[in-house]
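The structure under discussion appears below in the form of structure tokens.
Protein chains: 2
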Amino acid sequence: MDLTETSPAERAALLNAIADALSSAADDLIPLAMAETGLAEARLTGELKRTVVQLRMFADVCAEGEFLDVRLDAADPDFVLGPRPDLRRFNLPVGPVLVFAASNFPFAFSVAGGDTASALAAGCPVILKAHPGHPRLSALTAEKVRAAVATAGLPAETFDVVHDQDAAVRLLRDDDRIAAAAFTGSYKVGRLLAAIAAGRERPIPFYGELGSVNPVVVTPGALAERADTLATAFVASVSGSAGQLCTKPGFLFLPDGHGLADTLGSAAGAVPGHPLLHEGIAAAYAARRAAVLATPGVSVLAEGSVEVGPSGRSLAAPTLVEVGLGDLLKHRATLLDEAFGPLSVVVRYDPDRPDLLVAAVGELFPGALTATVHRAAGESDAWLRGLVAVLRERVGRLLFDGWPTGVAVTPAMQHGGPFPATTAPATTSVGTAAIQRFLRPVVFQDCPPELLPAPLRDDNPWRVPQRRAAAGASQNWGHRSA
Amino acid sequence: MDLTETSPAERAALLNAIADALSSAADDLIPLAMAETGLAEARLTGELKRTVVQLRMFADVCAEGEFLDVRLDAADPDFVLGPRPDLRRFNLPVGPVLVFAASNFPFAFSVAGGDTASALAAGCPVILKAHPGHPRLSALTAEKVRAAVATAGLPAETFDVVHDQDAAVRLLRDDDRIAAAAFTGSYKVGRLLAAIAAGRERPIPFYGELGSVNPVVVTPGALAERADTLATAFVASVSGSAGQLCTKPGFLFLPDGHGLADTLGSAAGAVPGHPLLHEGIAAAYAARRAAVLATPGVSVLAEGSVEVGPSGRSLAAPTLVEVGLGDLLKHRATLLDEAFGPLSVVVRYDPDRPDLLVAAVGELFPGALTATVHRAAGESDAWLRGLVAVLRERVGRLLFDGWPTGVAVTPAMQHGGPFPATTAPATTSVGTAAIQRFLRPVVFQDCPPELLPAPLRDDNPWRVPQRRAAAGASQNWGHRSA
Chain A
4 MDLTETSPAE
14 RAALLNAIAD
24 ALSSAADDLI
34 PLAMAETGLA
44 EARLTGELKR
54 TVVQLRMFAD
64 VCAEGEFLDV
74 RLDAADPDFV
84 LGPRPDLRRF
94 NLPVGPVLVF
104 AASNFPFAFS
114 VAGGDTASAL
124 AAGCPVILKA
134 HPGHPRLSAL
144 TAEKVRAAVA
154 TAGLPAETFD
164 VVHDQDAAVR
174 LLRDDDRIAA
184 AAFTGSYKVG
194 RLLAAIAAGR
204 ERPIPFYGEL
214 GSVNPVVVTP
224 GALAERADTL
234 ATAFVASVSG
244 SAGQLCTKPG
254 FLFLPDGHGL
264 ADTLGSAAGA
274 VPGHPLLHEG
284 IAAAYAARRA
294 AVLATPGVSV
304 LAEGSVEVGP
314 SGRSLAAPTL
324 VEVGLGDLLK
334 HRATLLDEAF
344 GPLSVVVRYD
354 PDRPDLLVAA
364 VGELFPGALT
374 ATVHRAAGES
384 DAWLRGLVAV
394 LRERVGRLLF
404 DGWPTGVAVT
414 PAMQHGGPFP
424 ATTAPATTSV
434 GTAAIQRFLR
444 PVVFQDCPPE
454 LLPAPLRDDN
464 PWRVPQRRAA
474 AGASQNWGHR
484 SA
Chain B
4 MDLTETSPAE
14 RAALLNAIAD
24 ALSSAADDLI
34 PLAMAETGLA
44 EARLTGELKR
54 TVVQLRMFAD
64 VCAEGEFLDV
74 RLDAADPDFV
84 LGPRPDLRRF
94 NLPVGPVLVF
104 AASNFPFAFS
114 VAGGDTASAL
124 AAGCPVILKA
134 HPGHPRLSAL
144 TAEKVRAAVA
154 TAGLPAETFD
164 VVHDQDAAVR
174 LLRDDDRIAA
184 AAFTGSYKVG
194 RLLAAIAAGR
204 ERPIPFYGEL
214 GSVNPVVVTP
224 GALAERADTL
234 ATAFVASVSG
244 SAGQLCTKPG
254 FLFLPDGHGL
264 ADTLGSAAGA
274 VPGHPLLHEG
284 IAAAYAARRA
294 AVLATPGVSV
304 LAEGSVEVGP
314 SGRSLAAPTL
324 VEVGLGDLLK
334 HRATLLDEAF
344 GPLSVVVRYD
354 PDRPDLLVAA
364 VGELFPGALT
374 ATVHRAAGES
384 DAWLRGLVAV
394 LRERVGRLLF
404 DGWPTGVAVT
414 PAMQHGGPFP
424 ATTAPATTSV
434 GTAAIQRFLR
444 PVVFQDCPPE
454 LLPAPLRDDN
464 PWRVPQRRAA
474 AGASQNWGHR
484 SA
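Structure below.
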């Protein structure tokens, strides 16, 4: 039996077995992750827990069977458009998925991360391209996954890992078995891989999460109410994990005369250098930081640094700069690129012309993973409503009075957004809906009962939700639960 | 107010108004369609009815509100991964959709067809590229749609038509407002447009339905049970609408020694020439037919014809050929291309080696809109199960004991399939699920009640289905209905 043929319960058991294996191996995995990524123990412990919980969540999603989206339309001789056949539809796994792991979440977006968990839950074998930032951790994690696959009696090709980049590109470009690809990483690489997927002899869907600059707007009301709290929480959100998070706030819009320059500068100045994930990121970050600092109209709130530390690894301390809205618009070509590290840009706007702010935000951020609004309790002026309307068209997640870093893994979560945040804005890479990326519907028409797949049978041996449209009602389009 | 801001009930009213307008104009629309396409009155009357019913179906889908997929996850201070914010997710329209109309369904896949209906239902303005095969019908239909839009008090840009091909390509390539495109037509044009959509500065999803060759397999049991019925129904399915249907059976697999050559030949020979839709199709069909007839190993069952008739329009009478499985595999490069017209290929297979048939079918048809199995009652041998398993991986719709032409418009319908049948195998262009193509999720995090969009509010003013995940249960991933 291969993975495609497993029942939801069997697939759930596999996912839970992988979760168990990772949990038990925490004492080996965490030190390896610390050594290879420079991330802190507390952060990695939390991330491993999240990864384990995520695997169990997809096990539950799988067992529940809702993802199959079973629809049964009974035959109807009196249908308004003429006799209608018996139609039974459900979601099939698309086939083997090529997953490109990210460097910044060595557990949650890597070997046994969300893409792997959701693909396996959908019934798709996974070939994982390990990130060179943590090769030994990737190998050990893969070993645990493979052991769980073997114990479940599934073939070895259910899960495989490649470390070589050229080999992965060849798979993406040439391997006819690969049915979809998922990627978390930079705009540049993501766009390149997306083009390869689209240019194949048989193109495949490419689910790329390409990063984001995540604007945060503070209203005059919020500033009046809690300026200092906002400043320190902003610095914490920018500098956590050395800013190497795709939801790091890249721009903080503050009313002119905010008076927070000193608070922001000293809060950021108090954060020590933190190791960057790998030298590729360090080099790119140093270049971005230099370009931002050299941009006309930019003033420095906290200079920060990026330099090679005693261990030979590059360390970065937060850099905060400030610019007026006009200069941001003028120098957008330089300033708008994502700086993957602890750098953020404070933007002054005229509180008497919030219309200019709304227009600029709409123009500057065509697609982002998140946007955030900080407002005072009860504030809901027309311009604020306008801002919300503009932002919601441009993001996957719109936050109020919080910070975008830290993505809750829940059914409603949407971690995605219009291009350039992702290459597939209708999908998410976090939360239960992530499974949808790896499914494809098929309908069986007038299929004899003995040839029907289990979820489409009237006796419903897998006990999955079945939505029925009964015969007899000529305008019966509804999907009523059985 | 623009379309995006309308409530489901308002959008449903618009769709019903368009349906009413088309219904009332049948006496003007049908004769125009007959004159421009050469399709028969009965076929066009049925198609207009289907188009009207389809608009009403999407009105109902819209009013029901299930398509919004509202998920409300309550805040949870005791969540297993740490305090969880209030998350409220729903589907937004993606934005303006560029629809390329098809020539072969001047109502159902044209100006007010399924793509337009599903995009409007999703809340997306539509720019429709009219097909040059029926320009006057397109203009008149567009006039009816625009009148309904105006009566509903919606802005003119809710629905627009372009007739010029270069203008449409410019919109697809350069217009930053276009958020998605839908297309029904040839592989060649579809692949070209898909590349333009993927190569934009900001790529957009391209939903292309590129046609299909639709294999049909007749088992030895079915042949023994009802050979003559199968033969005549096959010819009717191949020759209906002069074979200009994307679900026309392109290949009929019959056991060696089927003895149906004469029956097939005379049934096809009795079908008179039928006008082809336009000269582009006539030229392409004539070339394909000539190539098939010249292929080694191909014998003629019914020669048929394609020639210019007295009215100056090209007429085609059905062409049936036969080939052995080995020759089909050998000459696949010539034989497998879609012949858009009344041509089909009978393929002999060895009934003692059904494994070879299953392997060949798997190899020859990587993606098709449909596949069909005709079997005798009770037949469910291992090879037949194997065939079903292979076919379901390669199609959007798998039929038993029927013919693929004639697509029922129902909730469970899946009109799609792996590439090259479509460019987006997870989607359908017929049936209620077609609306999904034009939606994108967004989640509101900790949004104050007064800024929440209507479908996310606790008082649920639009009365749409809301799925809630309550707080308090640490492993609570489910989407329970409210």
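Residue numbers (the working numbering), protein chains in the order written: chain A, 4 to 485; chain B, 4 to 485. Backbone N, C-alpha and C fix where the C-beta goes; we use that ideal spot for every residue, glycine too.
Any idea if residue i is buried or exposed, counting beta-carbon neighbours within 10 angstroms, 16 or more meaning buried?
i, result
"A/S27", "exposed"
"B/L360", "buried"
"A/D72", "buried"
"A/Q478", "At A/Q478, the pLDDT of 46 sits below 50, so the modelled position is not reliable; the number obtained from the coordinates is stated separately. Counting Cβ neighbours within 10 Å, A/Q478 comes out exposed, since fewer than 16 surround it."
"A/D462", "exposed"
"A/R291", "buried"
"A/A485", "The predicted model places A/A485 with a pLDDT of 27, which falls under 50 and marks its position as unreliable; any figure quoted below should be read in that light. Classification for A/A485: exposed."
"B/P80", "exposed"
"A/G202", "exposed"
"B/L195", "exposed"
Would you mind working out which of the options sits nearest residue i, comparing C-alpha positions?
i, options, result
"B/H377", "B/E39, B/D384, B/W406", "B/W406"
"B/A285", "B/A183, B/E310, B/L101", "B/E310"
"B/L25", "B/T144, B/G49, B/A184", "B/T144"
"A/A293", "A/L51, A/L331, A/L346", "A/L346"
"B/P158", "B/A392, B/L387, B/E8", "B/E8"
"A/S269", "A/N94, A/V220, A/L323, A/A198", "A/L323"
"B/R443", "A/I130, A/S317, A/G116, A/A429", "A/A429"
For residue i, would you say it is in contact with chain B, using Cβ-to-Cβ distances shorter than 8 Å as the test?
i, result
"A/M416", "yes"
"A/C450", "yes"
"A/G399", "yes"
"A/T426", "yes"
"A/A15", "no"
"A/F422", "yes"
"A/V364", "no"
"A/V326", "no"
What does residue i reach in chain A if we use C-beta pairs closer than 9 Å?
i, result
"B/P369", "D179, R205"
"B/R91", "A415"
Could you pull the start and end residues of the alpha helix (DSSP H) that residue i belongs to?
i, result
"B/V364", "357-367"
"B/G268", "264-272"
"A/F237", "223-242"
Chain B partners of residue i, CB-CB under 9 Å?
i, result
"A/K52", "V83, L84"
"A/G405", "P88, Q448, D449"
Measure from the C-beta of residue i to each C-beta in chain A and report whether the shortest distance is under 8 Å.
i, result
"B/F110", "no"
"B/R291", "no"
"B/P218", "no"
"B/T431", "yes"
"B/A201", "yes"
"B/V56", "yes"
"B/V164", "no"
Name, please, each residue of chain B whose Cβ falls closer than 7 Å to the Cβ of residue i.
i, result
"A/L75", "A415"
"A/V102", "Per Cβ cutoff of 7 Å: no residues; A/V102 is ~17 Å from chain B at best."
"A/V46", "Correcting the residue type first, residue 46 of chain A is Arg in the shown sequence and not Val. Correct list: empty, because the minimum Cβ distance to chain B is about 13 Å."
Identify the contact partners of residue i in chain B, using a Cβ-Cβ distance below 8 Å as the criterion.
i, result
"A/S383", "P451, E453, L454"
"A/A472", "T413, P414, A415"
For a contact meaning CB atoms closer than 7 Å, what does residue i contact in chain A?
i, result
"B/L402", "Q448, D449"
"B/V391", "L454"
In the DSSP assignment, find the beta strand (DSSP E) that holds residue i and state where it starts and stops.
i, result
"A/T302", "Just to set this straight, residue 302 of chain A is Ser in the shown sequence, not Thr. Run containing A/S302: 302-305, per the beta strand (DSSP E) assignment."
"B/G41", "B/G41 -> no beta strand (DSSP E), and no H or E assigned at all."
"B/V376", "371-377"
"A/D76", "73-76"
"A/S347", "346-352"
Listing by chain order, which chain A residues have their CB less than 8 Å from the CB of residue i?
i, result
"B/L489", "The first residue shown for chain B is 4 and the last is 485, placing residue 489 of chain B beyond what the model contains."
"B/P444", "G399, Q417, G419, A429, T431, A436"
"B/R388", "L454"
Does the beta carbon of residue i fall short of 7 Å from some heavy atom of the ligand SAH?
i, result
"B/D76", "The model depicted lacks the ligand SAH and carries no ligand whatsoever."
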